[in-house]
C-alpha cells in the first residue's frame, strides 16, 4: 500500500479519503451521483454470464470520477454550469438505468457498454465546458455566470469579457467596466487582449474543435 507523505498511521485513513475526494470528476458533483452509482455497484453480481466481467465493471464504476478528469485533458481547471451538469448527469443515469434493466448479458458485453457510456459522457462534458466559455462571445463587456468546479465541486461565479458590442457607446461602456474591475484588484496584473482579427481566428479554431466531436 502506498503511504502518502505527511500522513501518520493514525491519520492514514483520513489522508486516503482526502486524496480520493480531490480526484472527483464533473459528474461526481451532481447531487444524485453517489446514490446512483452505489446502486450500480451493488447490482453488478448478476449482470454477466462471465464472472470476469464483474471486477472489470466494478473498477470502471469506482474509477469513474478519476478517469473523467484524466480524459477531459483540459489545460485549465474545468468548470461547468449547473444546468448543463444536471442535463448530462440525467442523460448518463438514463443510459445506465436502461443497461441495468436486463438481468444477464453475454460475456464482455456489459463492460463494453459501460465504457461506451463513459466515453459519451466525456464528449458531452467537453462540449458543455467549452460552450460555457464561448457563450461570453455573445455578450458585450463583463459577463458573469454561475459554475461548478469539476475538481472540487465548489460553486463559484465565473467572469469573462465579451466583444459583441453593437455600437461605439456600448464598447466604451464595456471597456470602462473592464477597467473598473481591474482597479478592484490589490495587485497589478497585465491583460493579454488580442486584436479582433486574432480573436475571430481563435473563435473559429474552437468551433472547429467542437464540430469535430473531439
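Residue numbers (the numbering used here): 739 to 952. Where a beta carbon is used, it is the ideal one built from N, C-alpha and C, also for glycine. Everything numeric in this text was worked out from a predicted model, so none of it was measured.
Decide if the stretch 878-890 is in contact with the stretch 845-861; the criterion is three or more beta carbon pairs, one per stretch, under 8 Å apart. no
When the Cα atoms are used, what is the spatial distance from residue 869 to residue 812? 14 Å
Spatial neighbours of residue 764 within its chain, please: C-beta separation below 7 Å, excluding the five flanking residues on both sides. 806, 816, 818, 823, 863, 888
Tell me, please, whether the stretch 768-776 touches the stretch 790-798 by the rule of three or more beta-carbon pairs shorter than 8 Å. no
On the DSSP bridge list, what partners appear for residue 882? 897
Quick one: residues in its chain with C-beta nearer than 8 Å to the C-beta of residue 732, no 5 flanking neighbours on either side, listed in chain order? Outside the modelled stretch of the chain, which goes from 739 to 952, sits residue 732, for which no answer is possible.
Who does residue 817 pair with in a DSSP beta bridge? 887
Beta-carbon gap between residue 909 and residue 843 smaller than 9 Å: no
Helix, strand or coil for residue 768? Go by DSSP, reduced to three states. coil
Can you give the Cα-Cα distance for residue 797 and residue 814, rounded to whole angstroms? One C-alpha to the other measures close to 27 Å.
Between 897, 915, 835, which has its C-alpha nearest residue 871's C-alpha? 897
Between which residues of its own chain and residue 893 is the CB-CB distance below 7 Å, once the five residues before and five after are set aside? 884, 886
Should residue 828 go down as buried or exposed, given a rule of 16 or more other Cβ atoms within 10 Å for buried? Residue 828 sits exposed, since fewer than 16 C-beta atoms from the chains shown fall within 10 Å of its C-beta.
Just the Cα atoms here: how many angstroms apart are residue 879 and residue 905? 12 Å
Name the two residues that bound the continuous alpha helix (DSSP H) containing residue 847. 847-872 is the extent of the alpha helix (DSSP H) around residue 847.
When the Cα atoms are used, what is the spatial distance from residue 928 to residue 799? Residue confidence is low: residue 928 scores 46 on pLDDT, short of 50, so the model does not pin down where it sits. Its coordinate-derived value is still stated next. Across the structure, residue 928 and residue 799 are spaced so that their CA atoms are roughly 44 Å apart.
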